[in-house]
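*Asks:* In order, the protein sequences belong to chains L and W. Our numbering puts the first sequence at residues 6 to 203. Our numbering puts the second sequence at residues 6 to 203. The structure is given below, and queries will be raised subsequently.
Protein chains: 2
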Amino acid sequence: MRYPSEQKAETRRRILHVASRELRKRGPAHVSVGDIMSGAGLTHGGFYAHFGSKDALVGEAIAAMFEDVRLRTSELDAALNRADDGVRAALFNYWRSYLSADHRDRPERGCPLPALSGEVGRMGGAAADALSQGLGEMTARMMRALERLEYSNPDARATAVVAQLVGAIALARALGRTAESDALLNNCYEDLVGRYGS
Amino acid sequence: MRYPSEQKAETRRRILHVASRELRKRGPAHVSVGDIMSGAGLTHGGFYAHFGSKDALVGEAIAAMFEDVRLRTSELDAALNRADDGVRAALFNYWRSYLSADHRDRPERGCPLPALSGEVGRMGGAAADALSQGLGEMTARMMRALERLEYSNPDARATAVVAQLVGAIALARALGRTAESDALLNNCYEDLVGRYGS
DNA sequence: CCTATAATATGATAAACATCATACTATTGG
DNA sequence: CCAATAGTATGATGTTTATCATATTATAGG
């Protein structure tokens, strides 16, 4: 127990933080271990003192991404835990920020699902497990909101809403920063509001 | 004009065909030029007699994928060009097949959008152009169907439906061949039918 | 048949990569 | 202040990759 200075744990967190951003932004296949380590101010070799493999890192990083993003669902979570009727407004706010140009343009800060579901579907392993869990939690949150609003079939509805949100951001990113892309996001938001407006 | 035997053009088509399947199945980053060429029964070197670069191939291959997939929208297209009221049934059939486990499990034969929008969003270039065009056509087809069914805001509705379809397959692939994945697809189909049932 | 050339193959090059073995450095308990 | 060791760096290895230069093969016109 020579180094109780917490140094390794902090370095490990730093690597995970860099990885969680870089993986969302550029995709697992285009981010090298060396990229991540130098992003954390280190050199490549020390990596294997912290993680068993690149794939293991990706799995842990995905879990970290959902943690990171959870901060931005706090308004909705708070509304779900209150008895008043602020749920609809909180839900709309969440949808609006999810379907924003900012979310489209900053994948490194955004939801892992549109950024990574394609690649992770092919990778399997820990990455797929982490993504599945995050998807389950997001769907459950959406379902609770729809239950609170007393809609029928909240499960099917929640699943469909999540699919629409994720698909919209994935497609908007493929279109780039264009007018069509802005319109796609607005259309998807309007459609949701049309379906779930008061 | 020594080789008028159409041989080069046929080889080129063969390369494109292999590429269109392999790229959807494994993703552009995990398919090498050598893989594609040997899949076409050739060796790697001759590739550059047919395409200027791997990226150029990806762009052309995406266009080929949409061609490939168009065959499976023929029922809907036919209904749109008839005056009778078979549009809703054709639309539902299309949705059902899009949201099928078979589509999830065979990306190499399926829609390019869930398979490639993640990667292509990062690549830009010809690939992004091809994907954007295909997305526009798919959305337009959906919009015509919704117009025929006399829904308001067919543009926003069509965009939202496409996002939901694409997101559902992308997420279902991330979940793999599991019960949750099957449920996700069914939920998304039920939701659509609930919204657009007669 | 033979030769010019189109189509494909072979081989080379240089870069990028994950991973591992080993070396160095900084810290802390004695 | 010193030695044991935790944390990090350096350097190497073997593989894979896109791309290019050159060689080989096959065909068609004379």
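Heads up, the beta-carbon is just placed ideally off N, CA and C, and yes, glycines get one too. It should be emphasised that the depicted structure is a prediction, and the values quoted were computed from it without experimental measurement.
How about L:M6: is its C-beta nearer than 8 Å to some C-beta of chain W?
*Replies:* Within the first sequence, residue 6 of chain L is the residue found at index 1, counting from 1. In this prediction, L:M6 scores a pLDDT of 47, lower than 50, which makes its location untrustworthy; the coordinate-derived value is nonetheless stated afterwards. Not closer than 8 Å to any Cβ of chain W, the Cβ of L:M6 fails to qualify, so no.
*Asks:* Taking only the alpha-carbon atoms, compute the straight-line gap between W:G57 and L:P33 and give it to the nearest angstrom.
*Replies:* Translated into the one-based positions of the second sequence, residue 57 of chain W becomes position 52. Translated into the one-based positions of the first sequence, residue 33 of chain L becomes position 28. Using only the alpha carbons, I get a separation of about 26 Å.
*Asks:* For W:E27, count neighbouring C-beta atoms within 10 Å of its own C-beta (all shown protein chains included) and say buried if the count is 16 or more, exposed if not.
*Replies:* By one-based count along the second sequence, residue 27 of chain W stands at place 22. The residue is buried, with at least 16 neighbouring Cβ atoms inside 10 Å.
*Asks:* Starting from L:V36, trace the alpha helix (DSSP H) both ways and give me its first and last residue.
*Replies:* Indexing the first sequence from 1 puts residue 36 of chain L at position 31. No alpha helix (DSSP H) contains L:V36, which DSSP labels as neither H nor E.
*Asks:* Taking C-beta to C-beta, are W:D160 and L:N191 nearer than 8 Å?
*Replies:* As a working note, residue 160 of chain W is residue 155 in the second sequence. As a working note, residue 191 of chain L is residue 186 in the first sequence. Contact: no.
*Asks:* Rounded to a whole number of angstroms, what is the C-alpha to C-alpha distance between W:P119 and L:E11?
*Replies:* Stepping through the second sequence from its first residue, residue 119 of chain W is reached at position 114. Stepping through the first sequence from its first residue, residue 11 of chain L is reached at position 6. Rounded to the nearest angstrom, the two C-alpha atoms are 43 Å apart.
*Asks:* Would you say W:H108 faces chain L, with C-beta separation under 8 Å as the test?
*Replies:* As a working mapping, residue 108 of chain W is identified with position 103 in the second sequence. It does not: the Cβ of W:H108 has no partner Cβ on chain L nearer than 8 Å.
*Asks:* Using the beta-carbon of each residue, which ones in chain L are nearer than 8 Å to W:H35?
*Replies:* Along the second sequence, read from residue 1 onward, the residue named residue 35 of chain W stands at position 30. Result: A34 and R127.
*Asks:* Just the chain W side, please: which residues come within less than 8 Å of L:C193 by C-beta, in chain order?
*Replies:* To locate residue 193 of chain L, count along the first sequence from 1; it is residue 188. Those within 8 Å of L:C193 in chain W are A161, T164, A165 and A168.
*Asks:* Just the chain W side, please: which residues come within less than 8 Å of L:S4 by C-beta, in chain order?
*Replies:* Nothing in the structure corresponds to residue 4 of chain L, since chain L is present only between 6 and 203.
*Asks:* Whose CA, out of L:T164, L:A163, L:G172 and L:R162, lies closest to the CA of W:A165?
*Replies:* Against the second sequence, residue 165 of chain W aligns to sequence position 160. Measuring from the Cα of W:A165, the nearest candidate turns out to be L:G172.
*Asks:* In three-state terms, what does DSSP make of L:T183?
*Replies:* The residue you call residue 183 of chain L lines up with position 178 of the first sequence. Coil.
*Asks:* Go ahead and pull the three-state DSSP assignment for W:Y201.
*Replies:* In the second sequence, the residue the question calls residue 201 of chain W occupies position 196. If DSSP states are grouped into helix, strand and coil, W:Y201 belongs with the helices.
*Asks:* Identify which residue in L:D82, L:T16, L:D73 and L:T78 has its Cα closest to the Cα of L:Y53.
*Replies:* Along the first sequence, one-based indexing puts residue 53 of chain L at 48. For L:Y53, the nearest C-alpha among the options comes from L:T16.
*Asks:* Helix or strand or just coil, what does DSSP make of W:Y156?
*Replies:* Here residue 156 of chain W corresponds to residue number 151 of the second sequence, with the count starting at 1. W:Y156: coil per DSSP, three-state reduction.
*Asks:* Please report whether the beta-carbon of L:G172 lies at a distance below 8 Å from any beta-carbon of chain W.
*Replies:* As a first step, residue 172 of chain L must be located in the first sequence, where it is residue number 167. With 8 Å as the cut-off, L:G172 counts as an interface residue toward chain W.
*Asks:* Less than 8 Å between CB atoms is the rule here; does W:R31 satisfy it with respect to chain L?
*Replies:* Locating residue 31 of chain W in the second sequence gives position 26, counting from the first residue. Yes, W:R31 counts as interfacial toward chain L.
*Asks:* Identify the continuous alpha helix (DSSP H) that holds L:N98 and give its terminal residues.
*Replies:* By one-based count along the first sequence, residue 98 of chain L stands at place 93. Run containing L:N98: V92 to Y103, per the alpha helix (DSSP H) assignment.
*Asks:* Can you tell me the Cα-Cα spacing of L:G129 and W:G181, whole angstroms?
*Replies:* Along the first sequence, read from residue 1 onward, the residue named residue 129 of chain L stands at position 124. Along the second sequence, read from residue 1 onward, the residue named residue 181 of chain W stands at position 176. The alpha-carbon atoms of L:G129 and W:G181 are separated by roughly 8 Å.
*Asks:* Using the Cα positions of W:L96 and L:A24, report the straight-line distance between them to the nearest angstrom.
*Replies:* Here the question's residue 96 of chain W lines up with position 91 in the second sequence. Here the question's residue 24 of chain L lines up with position 19 in the first sequence. When rounded, the distance between both Cα atoms is 42 Å.
*Asks:* Which residues in chain L sit within 8 Å of W:D196, going by Cβ to Cβ distance?
*Replies:* By one-based count along the second sequence, residue 196 of chain W stands at place 191. Correct list: N158, A161, R162, T164 and A165.
*Asks:* With three or more C-beta pairs closer than 8 Å as the rule, is the segment 129-140 of chain W touching the segment 63-71 of chain W?
*Replies:* The segment 63-71 of chain W is in contact with the segment 129-140 of chain W.
*Asks:* Mind listing which residues of the segment 86-100 of chain W have their C-beta closer than 9 Å to chain L's C-betas, in chain order?
*Replies:* Going along the segment 86-100 of chain W in chain order, one finds no residue with a Cβ nearer than 9 Å to chain L.
*Asks:* For W:R200, go through chain L and note every residue whose CB falls closer than 8 Å to its CB, in chain order.
*Replies:* For the purposes of this step, residue 200 of chain W is taken as residue 195 along the second sequence, with counting starting at 1. R200, listed in chain order.
*Asks:* Looking at W:R146 and W:L81, is the spacing between their C-beta atoms short of 8 Å?
*Replies:* Position 76 of the second sequence, counted from the first residue, corresponds to residue 81 of chain W. Position 141 of the second sequence, counted from the first residue, corresponds to residue 146 of chain W. Cβ atoms of W:L81 and W:R146: closer than 8 Å.
*Asks:* Is there a Cβ of chain L sitting closer than 8 Å to that of W:L189, yes or no?
*Replies:* Residue numbering aside, residue 189 of chain W sits at position 184 when the second sequence is read from its first letter. Chain L contact via Cβ: present.
*Asks:* Is there a Cβ from chain L that is less than 8 Å from the Cβ of W:S137?
*Replies:* Position 132 of the second sequence, counting from 1, holds the residue named residue 137 of chain W. W:S137 counts as touching chain L.
*Asks:* Can you tell me the Cα-Cα spacing of W:R31 and L:S79, whole angstroms?
*Replies:* Against the second sequence, residue 31 of chain W aligns to sequence position 26. Against the first sequence, residue 79 of chain L aligns to sequence position 74. For W:R31 and L:S79, the distance between alpha carbons rounds to 36 Å.
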